[in-house]
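Here the structure comes first, spelled out in structure tokens, and everything after it is commentary.
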């Protein structure tokens, strides 16, 4: 319900109990919208954390690649040496 619909509904009320019922419904609707928005925020936080994870994983692979060149071994050998998953 938008602002103008809410105003019209409240103006059309014949007593306070009707107005309170309308406002309670609006409150319930707003609570539902808030829950949806909070879940979006959690989703955004999850995406941020996944980006951080991927950045760290990429940097780790760069270090392993550089170390494998310095040692003259393959990256797979270093993964085994450091007990890392091959992915």
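Numbering (my numbering), first residue to last: -8 to 78. Cβ coordinates follow ideal geometry from the N, Cα and C atoms, glycine included. Computed from a predicted model, the values in this text were never measured in an experiment.
- Pairing residue -1 with residue 43, the inter-Cα distance amounts to about 49 Å.
- Taking 7 Å as the cut-off, the beta carbon of residue 75 is found no closer than this to the beta carbon of residue 59.
- Taking 3 residues as the minimum length, the segment 33 to 70 contains no beta strand (DSSP E) run wholly inside it.
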